[in-house]
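K.L.:
Structure in structure tokens, see below.
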Amino acid sequence: MAEAKIKVIMDEFITEEPKSKVLKSTEPDKVLKMEKLTLSDLPGVGAATAEKLEQAGYRDMMAVAVATLGELVETAGVTEAVARKMINAARDSMKMGFETGMEVLKKRALISKISTGCTNFDNLMGGGFETSAITECFGEFGSGKTQVGHLLCVNILKEDPDAHAVYIDTENTFRPERIKQFALGAGMNPEDALTRIMVARAFNSDHQMLLAEKVETMMAEQGKKVRLVVVDSLTSHFRAEFIGRGTLAERQQKLNRHMHTLAKIANTNNICVYVTNQVMAKPDQFFGDPTQAIGGHVVAHASTFRIYLRKGRKGTRVAKLIDAPNLADGEACFEVTEGGLVDVK
Ligand code: GTP
Ligand code: MG
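When you line the sequence shown up against numbering that gives the first Met the number 0, it's residues 0 to 344, in that order.
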């Protein structure tokens with residue numbers, strides 16, 4: 000992809016802060032750091048090869064560590080022997096081995112939770128939406144998925160004055176007016192909230208994938224401490240572009256790659272990734288709820304937490320936690336109001 004095109008796409012991240020004004024994190028230890036080696040530290044990789052690799056999308060050690068020999072020979076123009084050495088060196092530097100349960104526990108201590116501002120919903124989620132994980136919310140139109148996305152933005156920005164949120168909007172439903180209302184409801188300055196949300200409109204699935212891939216580059220280039228990435232909606236473009244059974248395998252492959260990008264963003268930067276998903280009718284289902292999330296097993300497996308949102312009685316909303324690694328399944332009932340979510344007993 001030409002640099003100019005990437006630049007145009009990146010400019011769609013709305014950001015008004017000059018670099019010099021970017022605040023430094025007050026809790027650097029809250030952000031999990033990646034290995035600091037660069038591509039040119041690999042054996043046989045000079046400046047020219049590193050540039051070729053970067054242009055072909057290999058930006059860090061992980062990308063090289065999981066590449067195949069053929070890919071590297073083709074993109075970097077190196078011999079197979081050099082490619083093998085590069086991959087082995089990248090793998091060594093990645094510490095891709097095992098770690099003890101204690102080490103995992105220590106890492107988990109860095110994880111924080113973003114409150115929904117609603118006790119029922121927070122309790123259901125064990126305190127809020129986790130960082131370093133993907134939380135998927137699926138449900139029919141108007142069930143409140145987009146409202147939750149807006150609210151999480153405001154709440155993380157309120158909790159952490161250095162935090163930024165990224166909103167990848169595929170359906171043109173990001174509303175700054177709604178952010179203002181939620182900010183006022185949460186007792187924070189609406190302009191401060193809006194300044195720290197970077198919004199990008201994704202026009203098709205490729206654009207959406209590219210925007211997600213660019214989040215880490217943007218964090219590095221602009222020095223922003225991103226704590227939340229919202230993808231609203233995760234599946235609408237994929238659903239519209241791949242129609243018919245014949246295209247299913249390709250769609251799932253692309254979705255899988257996108258989910259991997261999002262999982263990597265979440266895990267390596269201690270970011271909360273929130274994705275919304277639509278449902279489709281299952282006309283053959285007579286009992287229970289005749290709806291099913293889009294994206295099949297690919298989305299289901301890649302999401303750490305899955306919530307099913309539905310409309311309840313008298314304008315209420317019911318969130319049902321249906322998949323979580325360490326929480327009991329359950330339900331929370333709330334109402335969407337102008338200033339936020341409120342509990343319904
Ligand atoms: P799709 O994107 O169409 O699949 O739906 P969604 O699940 O994203 O729905 P969304 O989050 O946009 O929820 C819309 C609903 O939120 C509306 O039908 C209202 O019930 C509620 N809502 C939105 N804004 C307001 C508001 O300012 N005040 C109140 N009281 N409710 C609101
Ligand atoms: Mg929506």
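Glycine residues also receive a C-beta, built at the ideal position from the N, C-alpha and C atoms. Keep in mind that this is a model prediction, so the values were computed, not measured.
What does DSSP give as the partner residue(s) for Thr275 in the beta ladder?
P.N.:
Against the sequence shown, residue 275 aligns to sequence position 276. In the DSSP output, where bridge partners are listed per residue, Thr275 has Cys136.
K.L.:
Taking the alpha carbon of Cys136 as the point to measure from, which residue in Gly125, Gly148, Thr130 has its own alpha carbon closest?
P.N.:
Looking up residue 136 in the sequence shown gives position 137. Cys136 has its Cα closest to that of Gly148, out of Gly125, Gly148, Thr130.
K.L.:
Can you tell me the Cβ-Cβ gap for Gly138 and Arg309, rounded? I've got them flagged as a contact below 8 Å.
P.N.:
Residue mapping note: residue 138 aligns to position 139 of the sequence shown, counting from 1. Residue mapping note: residue 309 aligns to position 310 of the sequence shown, counting from 1. Separation of the CB atoms of Gly138 and Arg309 is rounded to 6 Å, and the pair is thereby assigned contact status at 8 Å.
K.L.:
Measure the Cβ-Cβ separation of Gly345 and Leu320 and say whether it is below 7 Å.
P.N.:
As shown, the chain starts at 0 and ends at 344. That puts residue 345 outside it, with no answer to give.
K.L.:
Of the residues Pro160, Ala201, Ala62, Asp59, which one's Cα is nearest the Cα of Pro189?
P.N.:
Reading the sequence shown from its first residue, position 190 is the one you call residue 189. Here the closest residue by C-alpha is Pro160.
K.L.:
Based on DSSP bridge pairs, tell me the residues matched to Cys332.
P.N.:
Counting from one through the sequence shown, the residue named residue 332 turns up at place 333. In DSSP, Cys332 forms a bridge with Val317.
K.L.:
Going by DSSP, what residues sit across from Ala199 in a beta bridge?
P.N.:
Start at 1 with the first residue of the sequence shown, and residue 199 comes out as number 200. Answer by DSSP bridge pairing, in chain order: Ile167.
K.L.:
Would you call the region 208-226 in contact with the region 152-169, where contact means no fewer than 3 C-beta pairs closer than 8 Å?
P.N.:
yes
K.L.:
Taking DSSP's pairing of strands, which residues face Ala262 in a bridge?
P.N.:
By 1-based counting over the sequence shown, the position of residue 262 is 263. In the DSSP output, where bridge partners are listed per residue, Ala262 has none listed.
K.L.:
Pull every residue with its beta-carbon under 5 Å away from any heavy atom of the ligand GTP, and keep them in chain order.
P.N.:
Phe140, Gly141, Ser142, Gly143, Lys144, Thr145, Gln146, Val335, Thr336, Glu337
K.L.:
If you pair each beta-carbon of the region 71-85 with each one of the region 39-54, do three or more pairs fall below 8 Å?
P.N.:
yes
K.L.:
Give a yes or no on contact between the region 73-88 and the region 294-310, applying the rule of three or more CB pairs nearer than 8 Å.
P.N.:
no
K.L.:
Thinking C-alpha only, which one of Arg107, Thr115, Pro175, Lys253 is nearest Glu334?
P.N.:
Mapped onto the sequence shown, residue 334 falls at position 335. Nearest of Arg107, Thr115, Pro175, Lys253 to Glu334, Cα basis: Thr115.
K.L.:
Arg316 and Gly127: beta carbons closer than 7 Å?
P.N.:
If you number the sequence shown from 1, residue 316 lands on position 317. If you number the sequence shown from 1, residue 127 lands on position 128. Not a contact, by the Cβ cut-off of 7 Å.
K.L.:
Take the Cβ of Thr67 as the centre, count every other Cβ of all protein chains shown within 10 Å, and call the residue buried at 16 or more, exposed below.
P.N.:
What you label residue 67 is simply residue 68 of the sequence shown in a count that begins at 1. Thr67 should be labelled exposed.
K.L.:
Quick check: what's the CA-CA separation for Ala182 versus Pro175?
P.N.:
Counting from one through the sequence shown, the residue named residue 182 turns up at place 183. Counting from one through the sequence shown, the residue named residue 175 turns up at place 176. So the alpha carbons of these two residues sit roughly 10 Å apart.
K.L.:
Just to confirm the assignment, what range does the beta strand (DSSP E) spanning Arg305 have?
P.N.:
Taking the sequence shown and counting its residues from 1, one reaches residue 305 at position 306. Its beta strand (DSSP E) spans residues 304-310.
K.L.:
From the DSSP output, read off the bridge partner residues of Thr290.
P.N.:
Here residue 290 is taken as the residue at index 291 of the sequence shown, counted from 1. In the DSSP output, where bridge partners are listed per residue, Thr290 has Ala280.
K.L.:
Judging by CA-CA distance, which residue of Phe173, Gln207, Glu215 is the nearest neighbour of Val198?
P.N.:
The count along the sequence shown starts at 1 and reaches residue 198 at position 199. Considering only alpha carbons, the answer is Phe173.
K.L.:
Can you list, in chain order, the residues of its chain whose CB lies under 7 Å from that of Ala89, leaving out five sequence neighbours each side?
P.N.:
In the sequence shown, residue 89 corresponds to position 90, counting from 1. The residues are Leu41, Met60, Val63, Ala64.
K.L.:
Which parts of the region 203-269 are runs of the alpha helix (DSSP H), unbroken and 4 residues or longer, counting only runs that do not cross its ends?
P.N.:
204-221, 235-240, 247-268
K.L.:
Using CA atoms only, rank isn't needed, just tell me which of Lys213, Asn119, Cys117, Gly43 is closest to Lys84.
P.N.:
Against the sequence shown, residue 84 aligns to sequence position 85. That would be Gly43, whose Cα lies nearest to the Cα of Lys84.
K.L.:
Please list, in chain order, all residues of the same chain as Thr336 whose beta carbon is under 6 Å from its beta carbon, the five residues on each side excluded.
P.N.:
Locating residue 336 in the sequence shown gives position 337, counting from the first residue. Within the same chain, no residue comes within 6 Å of Thr336 by CB-CB distance, once the 5 residues on both sides are set aside.
K.L.:
If you drop the 5 nearest sequence neighbours on each side, which residues of the same chain put their C-beta closer than 8 Å to that of Ser235?
P.N.:
As a working mapping, residue 235 is identified with position 236 in the sequence shown. For Ser235, where only same-chain residues beyond five positions count, the Cβ hits under 8 Å are Thr169, Glu170, Gln277.
K.L.:
Figure out for me which residue from Lys179, Tyr307, Asn325 has the closest Cα to the Cα of Val274.
P.N.:
Along the sequence shown, one-based indexing puts residue 274 at 275. Val274 has its Cα closest to that of Tyr307, out of Lys179, Tyr307, Asn325.
K.L.:
Under the DSSP definition of a beta bridge, which residues are partnered with Phe128?
P.N.:
Here residue 128 refers to the residue found at position 129 when the sequence shown is read from its first residue. Per DSSP, the beta bridge partners of Phe128 are Ile113.
K.L.:
What separation, rounded to the nearest whole angstrom, lies between the Cα atoms of Met208 and Gln251?
P.N.:
Looking up residue 208 in the sequence shown gives position 209. Looking up residue 251 in the sequence shown gives position 252. So the two alpha carbons sit approximately 13 Å from each other.
K.L.:
Let me make sure I understand the geometry here. Which of Gly338, Asp342, Pro324 has the alpha-carbon closest to that of Ala331?
P.N.:
Counting from one through the sequence shown, the residue named residue 331 turns up at place 332. The option with the nearest alpha carbon to Ala331 is Asp342.
K.L.:
Between Phe237 and Leu254, is the Cβ-Cβ spacing less than 7 Å?
P.N.:
Residue numbering aside, residue 237 sits at position 238 when the sequence shown is read from its first letter. Residue numbering aside, residue 254 sits at position 255 when the sequence shown is read from its first letter. The answer is yes: Cβ separation under 7 Å.
K.L.:
Near Phe120, which residues of its chain fall below 7 Å by C-beta distance, leaving aside the five closest residues on each side in sequence?
P.N.:
Sequence index remark: in the sequence shown, residue 120 carries index 121 (1-based). Counting only Cβ-Cβ distances below 7 Å, and skipping sequence neighbours, we find Ala318, Ala331, Phe333, Leu340.
K.L.:
Report yes if the C-beta of Thr172 is less than 6 Å from at least one heavy atom of the ligand MG; otherwise report no.
P.N.:
Sequence index remark: in the sequence shown, residue 172 carries index 173 (1-based). Yes, Cβ of Thr172 sits closer than 6 Å to a heavy atom of the ligand MG.
K.L.:
Pick from Arg58, Ile155, Leu150: whose alpha carbon is nearest that of Ile270?
P.N.:
Within the sequence shown, numbered from 1, the residue matching residue 270 stands at position 271. Residue Ile155 is the option with its Cα nearest to Ile270.
K.L.:
Give the single residue among Gly56, Ala327, Leu38 whose Cα lies nearest to the Cα of Ile86.
P.N.:
In the sequence shown, residue 86 corresponds to position 87, counting from 1. Per the Cα distances, Leu38.
K.L.:
Distance check for Gly45 and Asn122, CA to CA, integer angstroms please.
P.N.:
Here residue 122 is taken as the residue at index 123 of the sequence shown, counted from 1. Here residue 45 is taken as the residue at index 46 of the sequence shown, counted from 1. About 52 Å.
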